[in-house]
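Numbering (UniProt numbering), first residue to last: 1 to 142.
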């Protein structure tokens with residue numbers, strides 16, 4: 001289960017609208033556990049220049065910065081979010097191949113013609129690349 005405040009939920013959806021027709025991306029900081037509780041969102045720049053309309057990449061230095069800022073506040077990276085411009089809010093084979101943070105939530109918002117529609121979350125389970133899976137994850141807003 002993934003828990004977000006109403007303002008964080010709206011913020012990640014708005015981020016997708018603002019970057020349309022390109023994918024947005026960001027990092028979710030909070031408390032990991034049975035429920036990944038989001039406390040803070042950190043927008044990230046999409047460093048993909050070859051196909052930013054259907055791929056995203058967060059620069060390693062942004063991940064390190066998020067980890068350091070989170071540590072100072074007693075927070076962990078509990079997940080990542082990105083948008084799918086004019087595409088369903090379902091993970092793609094590329095999303096799955098590039099997901100490596102076990103126990104983290106991966107949130108995808110479908111943005112159709114510049115308007116955020118469906119937002120879904122997926123929990124990355126497993127212990128290695130050989131046994132990893134995405135499980136549908138319930139989003140609790142409030």
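We put the CB at the ideal spot given by N, CA and C, even for glycine.
Fair warning: this is a prediction, and the values are worked out from it, not measured in the lab.
What distance in whole Å lies between the Cβ atoms of residue 26 and residue 43, which are believed to be in contact at a cut-off of 8 Å?
As a first step, residue 43 must be located in the chain shown, where it is residue number 43. As a first step, residue 26 must be located in the chain shown, where it is residue number 26. Yes, they are in contact, since the Cβ atoms of residue 43 and residue 26 sit about 5 Å apart, within 8 Å.
Express the C-alpha separation of residue 78 and residue 36 in angstroms, rounding to a whole number.
For this step, residue 36 is matched to residue 36 along the chain shown. For this step, residue 78 is matched to residue 78 along the chain shown. Cα-Cα distance, rounded: 6 Å.
Candidates 45, 142, 72, 101: which alpha carbon is nearest residue 127's?
To locate residue 127, count along the chain shown from 1; it is residue 127. Selected option, being the one with the closest Cα: 101.
Beta bridge counterpart(s) of residue 125 as assigned by DSSP:
Here the question's residue 125 lines up with position 125 in the chain shown. Residue 125 pairs with 133.
Counting C-beta neighbours from all protein chains within 10 Å, is the total for residue 133 16 or more, i.e. buried, or is it exposed?
Within the chain shown, the letter at position 133 stands for residue 133. Residue 133 is exposed by the Cβ-count criterion.
Under the three-state reduction of DSSP, which class applies to residue 3: helix, strand or coil?
As a position in the chain shown, residue 3 is number 3, starting the count at 1. In the three-state reduction of the DSSP assignment, residue 3 falls in the strand class.
Beta-ladder partner(s) of residue 43, from DSSP:
For the purposes of this step, residue 43 is taken as residue 43 along the chain shown, with counting starting at 1. Looking at the DSSP assignment, residue 43 forms a beta bridge with 26.
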